[in-house]
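Chains as they are written, first to last, in our numbering: chain A, 1 to 233; chain B, 1 to 312. Ideal placement from N, C-alpha and C gives every residue a C-beta, glycine not left out.
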């Protein structure tokens with residue numbers, strides 16, 4: 001069982017980090033919360049409503065979006081087309097067969113402002129394929145933000161990034177936290193302890209602790225299971 | 001835009017030129033090309049734009065043809081009744097087959113669409129009242145009214161051309177609309193399309209039904225074209241032929257379907273006639289196959305892709 005008896009509460013407005021060794025079930029949990037993976041047991045609530053059995057697109061329109069650890073973008077679309085597509089999903093019906101998409105200036109204007117937010121305004125016309133790794137990661141997060149979520153699940157946004165890109169991503173999360181609640185899965189402990197209001201630690205499918213960064217740092221069990229080496233440095 | 005106007009003028013002038021040259025046969029051949037262009041364009045919508053590799057498109061093409069055949073046989077000849085009926089039945093078939101098939105992916109989707117089409121094939125083989133294996137001869141072409149006689153090859157050609165132009169215009173609007181962007185996005189990355197809030201299944205099913213409806217219209221036309229329908233029109237070889245047209249013309253290219261239909265049927269015509277190959281014309285599939293291989297190897301984006309300005 002990848003996720004077992006987890007009780008996780010993310011408070012509105014916080015940056016909540018979810019850490020734990022590889023294979024602990026963090027990505028599985030993200031999948032269950034976002035609706036791409038079914039849950040055998042338990043319940044999921046979002047803004048007072050139970051969403052355990054809600055479809056993924058219903059959760060997205062309620063304001064719950066995710067990004068992926070392994071970059072998942074529309075590679076043959078341009079940056080602008082990628083972001084406009086995500087904006088389109090929440091603005092009006094897309095069962096529209098007649099009116100040319102290119103005339104919908106509002107979609108593209110908003111896509112531009114999101115590109116600006118994630119630092120891709122200079123790459124707006126480039127295809128996803130032609131972006132550098134760090135830029136693809138930025139687009140990855142941008143796609144989630146473009147759905148205008150109330151809670152965004154960021155699955156290792158800094159995966160594979162160099163220090164410069166990682167710094168930019170930390171800044172980005174620092175900027176968006178005013179508008180959106182963040183559940184952040186991340187291995188970069190520097191980022192986690194800089195950003196998180198609270199941290200939950202997951203080991204072998206179970207949550208072993210949820211607390212403030214200071215308390216987590218001191219927690220014996222957490223040190224033993226996961227943090228030990230990384231905090232010794 | 002200029003190219004399209006030229007293309008339209010050529011298509012309009014073609015029968016007149018053939019008539020002047022006393023080559024009336026080619027008017028009928030060209031009509032067949034136009035009908036297959038419509039069928040291939042419909043397949044290209046699901047296969048090329050939607051990324052759904054339907055290996056059973058003959059089911060909808062054939063359903064449309066059989067509806068016209070059966071209704072004509074039963075004495076209903078007005079095109080205003082039989083053609084919409086063909087479209088409606090084909091759309092309904094696409095709705096049912098699509099609703100079930102779209103729960104699978106990849107090779108399973110290919111196989112299940114193929115299986116459904118073969119089921120339809122055997123249903124019509126077993127319908128003895130409508131000719132069974134031997135097929136059904138239509139006593140006459142559908143009647144259109146307004147003093148247009150579809151038995152006249154000129155009139156028939158222009159009616160088909162007119163319908164093809166309308167369908168291509170509708171498809172052009174569709175692939176550039178919001179809906180068109182969404183189905184392409186689902187083809188590119190289904191997981192992410194769902195993750196940014198699109199109900200993938202609904203969009204794919206709508207696309208499948210639209211495509212099936214257009215294939216049904218093409219089927220209605222082909223029944224009139226040949227004045228004959230038989231189960232062969234639903235056979236998997238027919239699905240394969242449509243697929244070859246799309247691949248040859250350019251998968252996911254707007255002109256892919258029409259270009260592929262025109263080239264494949266022309267090749268077939270050239271190599272199966274005895275003028276060029278004499279007694280060897282019997283083996284026309286061989287040279288056609290070699291040319292197909294060459295296109296796939298040297299112009300993998302298809303004929304329409306080779307002419308396009310930017311890679312897509």
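Would you please verify whether the beta carbon of residue i is less than 7 Å from any beta carbon of chain E?
i                     : result
residue 60 of chain A : Protein chains A and B are contained in the structure displayed, whereas chain E is not.
Using the C-alpha atoms, what's the distance from residue j back to residue i?
i                      : j                      : result
residue 13 of chain B  : residue 208 of chain B : 34 Å
residue 116 of chain A : residue 97 of chain B  : 44 Å
residue 150 of chain B : residue 142 of chain B : 7 Å
residue 71 of chain A  : residue 90 of chain A  : 22 Å
residue 157 of chain B : residue 15 of chain B  : 8 Å
residue 48 of chain A  : residue 165 of chain B : 53 Å
residue 272 of chain B : residue 132 of chain A : 52 Å
residue 50 of chain A  : residue 10 of chain A  : 15 Å
residue 214 of chain A : residue 189 of chain A : 13 Å
residue 178 of chain A : residue 149 of chain A : 12 Å
residue 26 of chain A  : residue 247 of chain B : 42 Å
residue 224 of chain B : residue 171 of chain B : 23 Å
residue 17 of chain B  : residue 263 of chain B : 20 Å
residue 120 of chain A : residue 115 of chain B : 47 Å
residue 135 of chain B : residue 21 of chain B  : 35 Å
residue 233 of chain A : residue 186 of chain B : Confidence in residue 233 of chain A is poor, its pLDDT being 41 and thus under 50, which makes the residue's placement too unreliable to answer from.
residue 135 of chain A : residue 94 of chain B  : 41 Å
residue 299 of chain B : residue 291 of chain B : 11 Å
residue 214 of chain B : residue 68 of chain B  : 14 Å
residue 306 of chain B : residue 250 of chain B : 8 Å
residue 24 of chain A  : residue 78 of chain A  : 35 Å
residue 225 of chain A : residue 19 of chain A  : 11 Å
residue 161 of chain B : residue 7 of chain B   : 12 Å
residue 76 of chain B  : residue 114 of chain A : 58 Å
Could you name the residues of the same chain whose beta carbon sits closer than 7 Å to that of residue i, not counting the 5 residues immediately before and after it, in chain order?
i                      : result
residue 39 of chain A  : 32 and 52
residue 268 of chain B : 284 and 288
residue 53 of chain B  : 47, 109 and 110
residue 117 of chain B : 56, 58, 59, 234, 236 and 239
residue 194 of chain A : 170
residue 270 of chain B : 276
So which of the options has the shortest CA-CA distance to residue i?
i                      : options                      : result
residue 35 of chain A  : B:194, B:248 and B:10        : B:194
residue 80 of chain A  : A:127, A:182 and A:65        : A:127
residue 146 of chain B : B:80, B:259 and B:2          : B:80
residue 202 of chain A : A:12, A:16 and A:11          : A:16
residue 301 of chain B : B:99, B:123 and B:260        : B:260
residue 85 of chain B  : B:38, B:63 and B:99          : B:63
residue 154 of chain A : A:192, A:120, A:162 and A:78 : A:192
residue 102 of chain B : B:256, B:252, B:204 and B:57 : B:204
residue 104 of chain B : B:296, B:190, B:120 and B:92 : B:190
residue 216 of chain B : B:27, B:25 and B:40          : B:40
residue 151 of chain A : A:42, A:123 and A:61         : A:61
residue 118 of chain A : A:198, A:54 and A:176        : A:176
residue 163 of chain B : B:128, B:122 and B:87        : B:87
For my contact list, residue i and residue j are in at a C-beta cut-off of 8 Å; report their separation, rounded to the angstrom.
i                      : j                      : result
residue 42 of chain B  : residue 177 of chain B : About 17 Å; that fails the 8 Å criterion.
residue 196 of chain B : residue 147 of chain A : 5 Å
residue 49 of chain B  : residue 184 of chain B : 6 Å
residue 304 of chain B : residue 255 of chain B : 4 Å
residue 46 of chain A  : residue 179 of chain B : Actually they do not touch by this definition, with Cβ atoms about 29 Å apart.
residue 181 of chain A : residue 12 of chain A  : 6 Å
residue 227 of chain B : residue 137 of chain B : 7 Å
residue 66 of chain B  : residue 124 of chain B : 6 Å
Using a Cβ-Cβ cut-off of 8 Å (strictly less than) and excluding sequence neighbours within five positions of residue i, which residues of its own chain qualify?
i                      : result
residue 107 of chain A : 84, 87, 88, 91 and 101
residue 274 of chain B : 281
residue 76 of chain A  : 127, 128 and 129
residue 7 of chain A   : 207
residue 32 of chain B  : 222, 225 and 265
residue 157 of chain A : 67, 137, 140, 141, 169, 173, 184 and 186
residue 94 of chain A  : 88
residue 100 of chain B : 112 and 116
Is residue i near the ligand NAD, with its Cβ less than 6 Å from a heavy atom?
i                     : result
residue 98 of chain A : No copy of the ligand NAD appears in this structure; indeed no ligand is present at all.
Below 6 Å CB to CB, which residues in the same chain sit around residue i once its five sequence neighbours on both sides are set aside?
i                      : result
residue 196 of chain A : 15, 17 and 213
residue 159 of chain A : 69
residue 238 of chain B : 58
residue 23 of chain B  : none
I'd like to confirm the pairing. Which residues does DSSP put opposite residue i in its beta bridges?
i                      : result
residue 15 of chain A  : A:182
residue 49 of chain A  : A:46
residue 229 of chain B : B:136
residue 90 of chain A  : For residue 90 of chain A, which the question treats as bridged, DSSP gives no partner whatsoever.
residue 100 of chain A : B:177
residue 155 of chain A : A:185
residue 214 of chain B : Beta-bridge pairing links residue 214 of chain B to no other residue.
residue 202 of chain A : A:207
residue 64 of chain A  : A:151
residue 78 of chain B  : B:143
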